[in-house]
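Per this note's numbering, residue 57 is the first one in the sequence shown, and the count goes up by one each step.
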Amino acid sequence: MTGHATRIRSLFDEIDNTPWGPQEQALVAQAVALAQESGDERLEYEARLRQTSSANMSGDTDLMLTSFAWCLAHHDADPEGFPATVEPAGDLLWQYKWMASALGGSPEFSLDQIAAVLDDMEAHYERAGIGPSGVLMARFEDAWAAGRLEEATDLQRRLEATPRDDYSHCDACVRSQFAGFFIETGREDDAIRLVGEMIENGFSCGEEPEHALSRILLPYLRAGMFDDARTAHLRSYRLAKDNPDNLAIVAKNVVFCAVTGNEARALALVERHLPWLVHDGLNADAHATALGAFALALDAVAAAGHPELTVRGSDADALVPVFGAHDRPWRVYELAATAWRAAGDIAAAFDRRNGTDAHTRNLERLRETGAERYDVPIRTHDFSAVATPAPAVTREERLARAVALAQVGSSAAIAPLRELLTDAAPAERVTLSSHLLGGLVATDRLDEAEAFLPERIAALHEAGHAAQAELEDRLGLVLFGRDLAEAGDLLRAEVAAAADAPADVRADLLQTLGVARLYEGGFAEAREDARTAARLFAEAGDPVRAQGAQVLEVDAAASASLFDEAREVVAELLAAPLSDGRRARVLAARARLQGGAGEFESGAADADETVRLLLSVGADDLRVGEAFLLAGALHEDAGSASLAAGRYRSAAERFESAGASTAETRYRLGRALLAADMSQEALDALHEALQEETAAEVPAGSRAITVALLARAYEGARDYGNAVGAWGFAADLHEEAGEAEGQAQALVQQGRHLGNFGEFDDAVLAFDTAIGLIRDREDQVGVLAEALHLLAQAKMQRGDEDASDVIDQALALGRANEAHWYVADVLDTRARLLAGRERTEEAVATALQAADGFAEAGDPGSGAGSELLAARLLVGVDRAADAVLLYRSAVDHATEGGNDPLRQQAALELGDVYEGLGRHAEAAEIRATTSA
């Protein structure tokens with residue numbers, strides 16, 4: 057094998073073990089390029105078979121068609137040298153199934169071209185001895201997409217009567233396609249049935265079940281199946297949101313949000329997926345679907361009272377071919393109208409090609425759907441996150457806005473500051489140039505700052521600030537924040553030499569030195585520098601800069617744990633006239649101080665007001681995201697998990713828009729959603745957090761914490777199968793990080809689920825491993841106790857003789873640590889073990905001992921369960937009369953403990969016992985207390 061061939065085969069192995077996505081696509085492209093360079097057409101054929109599948113999954117229709125055509129030509133010319141099937145590279149005839157729908161998805165291809173592909177596909181299948189199912193499905197999909205519904209109906213019926221073969225669509229795809237067709241042709245009940253079968257049987261494939269779940273959303277709503285619709289939406293969107301080829305799936309989820317009162321969530325989804333409108337130039341059908349859905353959603357946002365909101369990201373250059381040129385980001389009402397027009401243009405192009413009016417009718421039906429309304433709250437977004445600043449029209453307004461942005465440290469100040477400097481008076485140039493340089497340095501645009509500094513110095517001279525000009529000429533960008541972590545000694549020397557300098561010059565030096573001292577950890581000294589700077593600025597007649605020094609004083613005092621002193625300065629600042637930007641900065645500082653003092657609700661209110669102010673001045677996404685994050689943390693600490701989740705989600709969206717990391721924020725979001733009983737929503741957030749952590753190669757121990765929370769979310773969503781896998785993954789990550797305690801805790805949780813699934817061998821292995829990791833760790837006694845008890849139960853279920861020995865170990869550990877409830881619970885397990893071994897007398901005695909233990913621990917409800925066990929055992933050995941008192945006690949204790957299901961069960965069984973004893977009146981009396 058040549059060097060090229062060895063490398064290409066190695067790439068093939070890597071491709072075949074890499075999930076669909078950018079990494080896999082890059083590997084495929086590399087394999088194709090190397091194969092072309094080698095001149096080995098057989099290797100190129102195998103590479104291109106992989107490329108066709110890869111392009112299909114990623115939504116690159118142009119590449120898919122090109123790659124497939126190359127392979128088909130070589131196969132037709134030499135079927136033996138280029139066979140249709142090359143495992144595991146791919147199956148050319150299976151890939152044929154994608155071609156007609158790909159051509160049908162763009163009006164650029166004619167009906168004759170689509171028909172030719174279908175005919176050629178049929179000919180190839182016949183020559184290969186393949187049944188008609190695959191071709192019939194392709195013809196059905198083509199007829200349906202073109203609006204030839206009678207033909208599609210006939211083909212759908214033929215398909216149902218046609219035997220399946222190796223080239224039939226999978227069970228998931230068939231049900232999904234038929235469900236979609238039934239929905240369009242008025243058979244929504246049949247569609248619901250098909251999707252239900254699909255979910256119940258766990259059918260899935262490349263884009264299922266997310267596609268079927270998106271299709272069935274409106275039928276669920278119309279049938280009043282609101283919980284099913286909500287669950288389907290959350291699952292469908294979670295599975296579809298990362299692949300641009302799923303644009304049509306996302307569009308249906310956007311429509312769901314728009315008609316269920318979740319307009320803010322709909323807007324967030326529109327903003328997130330706008331870039332997908334230019335992902336695949338040949339998938340015009342998906343573009344039309346998405347444009348219509350986005351337009352409907354924007355109409356809903358406008359109807360909810362927010363027509364003037366800015367649609368973030370809508371001004372991207374890449375979207376100009378879709379929406380046309382626009383001199384600013386689009387408002388909601390503007391983009392809605394434009395999106396409807398764009399969708400209508402595409403629909404008309406399809407109808408001209410197809411000779412029907414199907415696409416136009418579908419768009420009309422979508423408009424009608426916009427009038428439907430259902431109450432299915434998701435509670436993940438609200439419009440507080442998307443306020444639009446009032447326009448700054450006059451120069452005075454633009455100046456105030458720019459200064460406010462600069463005072464809050466927003467990069468959004470840079471552009472307006474530059475514009476205002478073009479016609480500023482000398483004194484104004486001094487202020488604006490200072491803000492501009494500070495912004496450029498803060499955003500690491502140092503070359504621009506260096507280039508502008510001479511203009512700043514000239515402005516100082518022109519305005520009569522010669523001493524300041526000389527200082528800045530000497531120190532350069534240090535005074536604007538550059539390299540302050542290393543500038544302390546330089547600044548101290550300058551302060552010492554500036555004793556006779558003007559007050560404002562000395563203030564500037566001291567304020568800058570104060571920031572440098574914060575980097576050094578000299579918080580008390582930084583506070584004194586800031587206090588002196590504020591006084592000197594005031595003496596120089598500059599109250600605005602004095603306030604800036606006071607903000608620094610607050611930060612330094614808080615860092616020095618001088619919280620009362622910091623609060624005093626905050627109160628003084630808030631009592632004075634402040635720009636909205638500086639007020640936001642001070643309120644954020646007060647929010648942190650209140651959080652540190654445990655005043656979470658008032659701190660959260662200040663953080664929310666900070667967000668409002670930042671949004672009102674048009675601050676950049678990074679600053680707004682930081683404020684949302686602060687608000688989320690304080691709401692979470694205040695116990696308002698739902699409010700915290702909304703803030704965290706907004707923070708994540710802002711950070712994502714700014715290109716910043718979102719992993720920590722999404723982890724917090726997932727945690728808050730779990731606390732708010734929104735487990736399905738938490739899964740989405742935690743998957744994204746883990747995905748980002750993995751890409752960033754975050755240490756295994758940190759990822760293990762995220763995966764453990766993900767496992768809890770799966771439990772909350774009752775998806776216990778995935779919970780098992782997540783706990784196992786968490787255990788592996790803890791092991792990789794050398795964290796035995798975390799590994800043991802994850803194994804115990806995994807083992808619990810395995811036991812519930814009846815996988816007792818695997819459960820025992822998990823518990824044994826966990827116990828071995830922590831048996832001698834006194835700080836892990838709780839985990840050890842849980843592991844021993846669960847191990848005993850798993851061994852009991854498996855019939856192990858040594859289950860009793862493990863129970864003895866658990867009892868000894870519980871008694872040694874005076875864990876009374878735990879001891880009672882383990883005794884209950886022992887009673888059940890004894891019962892299983894037909895040692896009834898011992899079992900009854902042990903169950904009653906457990907009941908007494910529960911009662912002493914203050915849990916009569918659990919004690920009732922042990923009493924019910926003892927009563928049943930007595931009935932089982934023909935001692936029904938002796939069981940009566942135990943049943944009555946179980947009923948009483950279940951009532952006392954608030955365990956109504958157990959009370960009813962015990963009462964029903966007691967009624968049967970009374971009946972068997974001939975005590976009919978008592979039987980009727982006890983049965984009357986039940987709901988049966």
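Just so you know, even glycine gets a beta-carbon here, dropped at the ideal spot from N, CA and C.
Residue i versus residue j: straight-line alpha-carbon distance, rounded
i	j	result
residue 111	residue 356	35 Å
residue 814	residue 202	51 Å
residue 283	residue 376	39 Å
residue 585	residue 567	6 Å
residue 395	residue 708	27 Å
residue 675	residue 101	53 Å
residue 879	residue 868	9 Å
residue 291	residue 269	8 Å
residue 760	residue 240	45 Å
residue 548	residue 569	7 Å
residue 546	residue 72	59 Å
residue 258	residue 228	9 Å
residue 79	residue 70	10 Å
residue 472	residue 737	39 Å
residue 379	residue 579	53 Å
residue 305	residue 293	8 Å
residue 326	residue 454	30 Å
residue 846	residue 883	13 Å
Coil, strand or helix - residue i by DSSP
i	result
residue 371	coil
residue 142	strand
residue 218	coil
residue 176	helix
residue 387	strand
residue 366	strand
residue 934	coil
residue 908	helix
residue 957	helix
residue 691	helix
residue 467	helix
residue 631	coil
residue 769	helix
residue 396	helix
Short Cβ contact (8 Å threshold) for residue i with residue j
i	j	result
residue 963	residue 942	no
residue 480	residue 488	yes
residue 994	residue 863	With the chain covering only 57 through 988, there is no way to say anything about residue 994.
residue 439	residue 163	no
residue 944	residue 966	yes
residue 779	residue 839	no
residue 683	residue 644	yes
residue 335	residue 309	no
residue 445	residue 673	yes
residue 670	residue 680	yes
residue 98	residue 137	yes
residue 158	residue 120	yes
residue 627	residue 614	no
If we require 3 or more residues per run, which beta strand (DSSP E) segments fall completely within the segment 256 to 288?
DSSP runs (the beta strand (DSSP E)) wholly in the segment 256 to 288: none.
Taking only runs of the alpha helix (DSSP H) that begin and end inside the segment 312 to 349, which ones reach a length of at least 4 residues, in chain order?
Within the segment 312 to 349, complete alpha helix (DSSP H) segments of at least 4 residues are found at 319 to 329, given in chain order.
Along the chain, which unbroken stretches of the beta strand (DSSP E) at least 3 residues long are found entirely within the segment 500 to 573?
Complete beta strand (DSSP E) runs here, min 3: none at all.
Contact between the segment 251 to 263 and the segment 205 to 218 (3+ Cβ pairs under 8 Å):
Touching, no.
Per the contact definition of three or more C-beta pairs closer than 8 Å, is the segment 336 to 347 in contact with the segment 381 to 401?
By the Cβ criterion, the segment 381 to 401 is in contact with the segment 336 to 347, since at least three pairs of Cβ atoms, one from each stretch, lie closer than 8 Å.
Counting Cβ pairs, one atom from each stretch, are 3 or more of them under 8 Å apart for the segment 556 to 563 and the segment 535 to 543?
The segment 556 to 563 vs the segment 535 to 543: no contact.
Indicate whether the contact test is met: 3 or more Cβ pairs, each with one atom in the segment 178 to 194 and one in the segment 216 to 235, closer than 8 Å.
With a cut-off of 8 Å, the segment 216 to 235 and the segment 178 to 194 count as touching, because enough Cβ pairs lie within range.
Length-filtered (4 minimum) alpha helix (DSSP H) runs lying within the segment 87 to 154:
Within the segment 87 to 154, the complete alpha helix (DSSP H) segments at least 4 residues long are 97 to 114, 117 to 133 and 148 to 151, listed from N- to C-terminus.
Can you give, in chain order, each stretch of the alpha helix (DSSP H) that sits fully within the segment 830 to 882 and has at least 4 residues?
Those alpha helix (DSSP H) runs which fall completely within the segment 830 to 882 and span 4+ residues are 837 to 854 and 859 to 872.
Inter-stretch contact (C-beta, 8 Å, three-pair minimum) for the segment 647 to 660 and the segment 629 to 637:
Counting Cβ pairs under 8 Å, fewer than three are found: no touch.
Enumerated in chain order, which unbroken segments of the alpha helix (DSSP H) with a length of 4 residues or greater are wholly contained in the segment 697 to 753?
Correct list: 697 to 714, 719 to 731 and 735 to 751.
Count Cβ pairs between the segment 722 to 731 and the segment 699 to 707 that sit closer than 8 Å; are there 3 or more?
Cβ pair count under 8 Å is three or more, so yes.
Cβ contact (3+ pairs, closer than 8 Å) linking the segment 147 to 158 and the segment 175 to 190
Pairwise C-beta distances place the segment 147 to 158 in contact with the segment 175 to 190, as three or more of them are shorter than 8 Å.
Okay, do the segment 747 to 765 and the segment 780 to 794 touch, 3+ Cβ pairs below 8 Å being the bar?
Of all C-beta pairs linking the segment 747 to 765 to the segment 780 to 794, three or more are shorter than 8 Å, placing the two stretches in contact.
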